[in-house]
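Quick note, the sequences are listed as chains A and B, same order.
First residue of the first sequence: 1, per this note's numbering; consecutive thereafter.
First residue of the second sequence: 299, per this note's numbering; consecutive thereafter.
Just below is one structure, and these are the notes that go with it.
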Amino acid sequence: MSGVTVFCFWASYAVAFSLEVSRLLFQSRVRHVVLLSFCGAGLLAHTIVLINKSMDGQPIPLSSLHDWLLVLAWTLSAFYLYLTICYHTIPLGVFLLPIVLGLVTWAGWFVEPSPHQLQQWFWGILHGGLVLLGSVAVVAACLAGAMYLVQSWRLKSNRTFHKNVALPNLELLQRINHGSLMIAFGLLTLGFGSGIILAIARNPDSLSDLIFDPTFLAAIFVWSIFGFLLFLQHRRELGGRKDALLTIMAFAFLMLILPVIYQMEKNNWHRGTNDSRRDLQTRFSIDADGPMPEQGGL
Amino acid sequence: MPLAVVGCTHQTTSVSIREQLAFQDSCIKPALNHFRKEFPETETVFLSTCNRIEVYTAHPQENNLPSHQDVAHFLSEFHDVPLNSFNDDLFEHKGSDAVRHLFQVSGSLESMVVGEPQITSQVKQAYNWAQDHESVGPLLHLLFQRALRVAKRVHTETALAQRRVSIPSVAVADYAKQMFHRFDDKTVLVIGAGEMGQETLRYLIDEGVQDIMVINRSYAKAVAVAEAFHGKALPWSQLDEALATADLVIGTTGAREPIIVSSHFQDVMSARKNRLVFLLDLAVPRDFDPQISRLDNVYLYGLDELQEVCRNNSALRQAEVEKAMRIVRGETDVFMQELNHQATSPVIQRLRQQVQEQAQVETDKLFRELPDLNDHQKNKILQFRHRLLNKLLHPTLSALRDESHNGSPHGLLEAVKRLFHLRD
Numbered sequence: 001m002s003g004v005t006v007f008c009f010w011a012s013y014a015v016a017f018s019l020e021v022s023r024l025l026f027q028s029r030v031r032h033v034v035l036l037s038f039c040g041a042g043l044l045a046h047t048i049v050l051i052n053k054s055m056d057g058q059p060i061p062l063s064s065l066h067d068w069l070l071v072l073a074w075t076l077s078a079f080y081l082y083l084t085i086c087y088h089t090i091p092l093g094v095f096l097l098p099i100v101l102g103l104v105t106w107a108g109w110f111v112e113p114s115p116h117q118l119q120q121w122f123w124g125i126l127h128g129g130l131v132l133l134g135s136v137a138v139v140a141a142c143l144a145g146a147m148y149l150v151q152s153w154r155l156k157s158n159r160t161f162h163k164n165v166a167l168p169n170l171e172l173l174q175r176i177n178h179g180s181l182m183i184a185f186g187l188l189t190l191g192f193g194s195g196i197i198l199a200i201a202r203n204p205d206s207l208s209d210l211i212f213d214p215t216f217l218a219a220i221f222v223w224s225i226f227g228f229l230l231f232l233q234h235r236r237e238l239g240g241r242k243d244a245l246l247t248i249m250a251f252a253f254l255m256l257i258l259p260v261i262y263q264m265e266k267n268n269w270h271r272g273t274n275d276s277r278r279d280l281q282t283r284f285s286i287d288a289d290g291p292m293p294e295q296g297g298l
Numbered sequence: 299m300p301l302a303v304v305g306c307t308h309q310t311t312s313v314s315i316r317e318q319l320a321f322q323d324s325c326i327k328p329a330l331n332h333f334r335k336e337f338p339e340t341e342t343v344f345l346s347t348c349n350r351i352e353v354y355t356a357h358p359q360e361n362n363l364p365s366h367q368d369v370a371h372f373l374s375e376f377h378d379v380p381l382n383s384f385n386d387d388l389f390e391h392k393g394s395d396a397v398r399h400l401f402q403v404s405g406s407l408e409s410m411v412v413g414e415p416q417i418t419s420q421v422k423q424a425y426n427w428a429q430d431h432e433s434v435g436p437l438l439h440l441l442f443q444r445a446l447r448v449a450k451r452v453h454t455e456t457a458l459a460q461r462r463v464s465i466p467s468v469a470v471a472d473y474a475k476q477m478f479h480r481f482d483d484k485t486v487l488v489i490g491a492g493e494m495g496q497e498t499l500r501y502l503i504d505e506g507v508q509d510i511m512v513i514n515r516s517y518a519k520a521v522a523v524a525e526a527f528h529g530k531a532l533p534w535s536q537l538d539e540a541l542a543t544a545d546l547v548i549g550t551t552g553a554r555e556p557i558i559v560s561s562h563f564q565d566v567m568s569a570r571k572n573r574l575v576f577l578l579d580l581a582v583p584r585d586f587d588p589q590i591s592r593l594d595n596v597y598l599y600g601l602d603e604l605q606e607v608c609r610n611n612s613a614l615r616q617a618e619v620e621k622a623m624r625i626v627r628g629e630t631d632v633f634m635q636e637l638n639h640q641a642t643s644p645v646i647q648r649l650r651q652q653v654q655e656q657a658q659v660e661t662d663k664l665f666r667e668l669p670d671l672n673d674h675q676k677n678k679i680l681q682f683r684h685r686l687l688n689k690l691l692h693p694t695l696s697a698l699r700d701e702s703h704n705g706s707p708h709g710l711l712e713a714v715k716r717l718f719h720l721r722d
């Protein structure tokens, strides 16, 4: 069990992804079983790694960006496996597995694992969990948006898929996109609020410092983007394709901003020149006792 | 083989004759009663659709099965249609041909639009009616249940039903259903009164469409079409408002130039706040300017695109027909083997019974002659008797089973009856 590494499930997901891509090119009777086997094996290895982490002292591994990314990737791959079993004609993996692979790659090779004990256990877990679920909803909105664009392009250009490959209809994708975005916004708002409570609970004097914290500002910025997107959708200003495109852009922006903030926080920590920043880090950052996603602004 | 079908189809008989020979729902019961009076002990199912009228019959004794002429006279008499107006159009299949025919019909291989799914439910309905009126017995029970199983296999193991070949069905199944999740909350606008537009409307109603608007330069025509589909007729002046409301628009006018151009539709899209719209242009020449398809959230399809899909589907469907026919052939062979094997059961039963009785008589005699035998020894003798009888009967029963694979083993059955002195 201890020999199971991040590479084990990364490789399984990569094979599952290549099998998904091959669905668009040719038909095969055994592929679906092989695909499910690889994804199932990957999910099993992924679960073992997370269990090992929780046995190291974290009942729910959400205390660092590394752990949080792995839990997010695990949730998405479980979601993928379930949907692929239920709706085997939808090539969901073509859209979802790159995100899972990206998250695992980021967690496994670009973020240092740094397990920490949570001091404010309830608020920490609540914050990390809400942001995690919000992120899952953001990914669902993004997936629906991506599938909408492909389906729209296919219908506009009058192209057909293979017999056993199909995408959901545009109306359903639009509903999933809109619904997921609403859920995501709600969860992220709650996650954001619980993050503020968490920071205050750790140090009641930190409120004034908080508003100058780049992580906090970035979180507000990202939250505002999703709020604005939801507003536009609600007003029906754009229509299907533009809605889908904007959701994908918002997701891409989120994915771009997270590593930047992480790097910024990490550099600040290592430099350790600014005491006030260091104080703030202690209260509201990676190596403190709060969950990591707070640093990404969400 | 005591099974037969006599009937006529769209391939052999004109629609005017089929209309006269069809059994409406209300006359199925009197028809079955009438038929049973004329041919008692004959199992009967009437399959009556707009494309075929078929009478399936079965009787334990082949000689008593109603003939082609019997069925023709019945149809003529019951419907009061002159016999000579349709007699030459009637076909007749017996035995395995009748079985194969029903399997092909239920699998939608004999339909006008091959692969259309309605025929399976029509076969089921015909069987249910016959069941309700107790006109089916063991043979037709077995046959129709198997036919429905074959239809299910054809449906699940081939893509026959997925490959649509008519323009309205392609427009709805391959395009409209790719855009909309449900249709009961959608509004359809039909511009013009073309036949293909109305056919498309029927498919959309099957999908659940309820809100229908019809618009035409001739308001009277719009009213006529709207009434036929329980829709709402609109005057031509309300075209823009109707376009702004509708989710699906079917263009089917006889106009010589496009009635809706791109700049016009841009305004419509603004009025509908860029809501998704499906435009189906079934008119020649086109009703919609092709440039409209470049607009966002507008999906426009014309006859050329749909015809191309129909052609491709026809070619793909041909491969599926071959696959479906293999299923039908295989199931027919299995069914016939089972049926033939069933025909041997009464003889086998009598043979076993007679041999057992004789053996019992001899065993009782033996036990009386040897009164000192204990229970263990008696059991040994009974076991020996059982094994011996099975070994002696085995070659005969195997021969009957093997023979039933190749058809009804009448000759062999007669030989067995004579050899073992089996009484009827």
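Just so it is clear, CB atoms sit at the ideal spot from N, CA and C, and this is done for glycine as well.
heavy atom of the ligand ZN below 7 Å from residue i C-beta
i      : result
A/N164 : Annotation note on the ligand ZN: not contained in the displayed structure, which lists no ligands.
Exposure of residue i, with buried meaning 16 or more beta-carbon neighbours within 10 Å
i      : result
B/L717 : exposed
A/D67  : buried
B/H703 : exposed
A/P293 : Because the pLDDT of A/P293 is 43, which lies under 50, any placement of that residue in the model is unreliable, and the number read from its coordinates should be weighed accordingly. The residue is buried, with at least 16 neighbouring Cβ atoms inside 10 Å.
A/G42  : buried
A/K53  : buried
B/E442 : It is worth fixing the name first, because residue 442 of chain B is Phe in this sequence and not Glu. Burial call: buried.
B/E805 : Missing from the structure shown is residue 805 of chain B; chain B here goes from 299 to 722 and no further.
A/M55  : exposed
A/R235 : exposed
B/C608 : buried
B/Q454 : Looking at the sequence shown, residue 454 of chain B is not Gln but Thr. Flag for B/T454 reads exposed.
A/V71  : buried
A/F228 : exposed
B/L711 : buried
A/A252 : exposed
B/E408 : buried
A/I85  : exposed
A/I211 : exposed
Paired residues, beta bridge with residue i - DSSP
i      : result
B/C306 : B/I351
B/T485 : B/D509
B/A531 : B/V512
A/H66  : A/H66 is not bridged to any residue.
B/K392 : B/A302
B/F586 : B/I558
B/G600 : B/D579
B/T549 : Strictly speaking, residue 549 of chain B in this sequence is Gly, with Thr absent from that position. For B/G549, which the question treats as bridged, DSSP gives the partners B/I489, B/D579.
Contact under 8 Å by Cβ, residue i with residue j
i      : j      : result
A/L159 : B/D594 : A quick correction: the sequence has Arg, not Leu, at residue 159 of chain A. No, the pair does not count as a contact, with Cβ atoms beyond the cut-off.
B/Y599 : B/L578 : yes
B/V512 : B/V523 : yes
A/M147 : A/L173 : yes
A/W10  : A/T47  : no
B/R334 : B/G305 : no
B/A370 : B/P415 : no
A/T247 : A/G145 : yes
A/P91  : A/L24  : yes
B/L687 : B/A657 : yes
A/R19  : A/F7   : According to the sequence provided, residue 19 of chain A is Leu. The question's Arg does not apply to it. Cβ atoms of A/L19 and A/F7: not closer than 8 Å.
A/E112 : B/H479 : no
B/T355 : B/L345 : no
B/M623 : B/S394 : no
A/L76  : A/V138 : no
*Please confirm if the segment 547 to 561 of chain B is in contact with the segment 470 to 478 of chain B, defined as three or more CB-CB distances below 8 Å between the two stretches.*
With the cut-off at 8 Å, the segment 547 to 561 of chain B and the segment 470 to 478 of chain B do not touch.
*Enumerated in chain order, which unbroken segments of the beta strand (DSSP E) with a length of 3 residues or greater are wholly contained in the segment 331 to 380 of chain B?*
Those beta strand (DSSP E) runs which fall completely within the segment 331 to 380 of chain B and span 3+ residues are 341 to 346, 350 to 356.
*Any 3 or more C-beta pairs closer than 8 Å across the segment 624 to 640 of chain B and the segment 398 to 417 of chain B*: Yes, since at least three Cβ pairs between the segment 624 to 640 of chain B and the segment 398 to 417 of chain B fall closer than 8 Å, the two stretches touch.
*What residue ranges within the segment 205 to 264 of chain A form continuous alpha helix (DSSP H) runs of no fewer than 4 residues, ordered along the chain?*
The qualifying runs are 207 to 210, 214 to 235.
*For the segment 639 to 670 of chain B, which segments carrying the beta strand (DSSP E) assignment without a break, of at least 3 residues, lie completely within its bounds, in sequence order?*
As summarised for the segment 639 to 670 of chain B, there are no continuous beta strand (DSSP E) elements at least 3 residues long confined to that stretch.
*Would you check if the segment 482 to 490 of chain B and the segment 538 to 554 of chain B touch, i.e. whether three or more CB-CB distances between them fall below 8 Å?*
At 8 Å Cβ cutoff, the stretches touch.
*Quick one: any contact between the segment 320 to 336 of chain B and the segment 378 to 395 of chain B, if contact means 3 or more CB pairs under 8 Å?*
Result no; under three Cβ-Cβ pairs closer than 8 Å.
*Decide if the segment 123 to 132 of chain A is in contact with the segment 191 to 203 of chain A; the criterion is three or more beta carbon pairs, one per stretch, under 8 Å apart.*
When Cβ pairs closer than 8 Å are counted between the two stretches, the segment 123 to 132 of chain A is seen to touch the segment 191 to 203 of chain A, the count reaching three or more.
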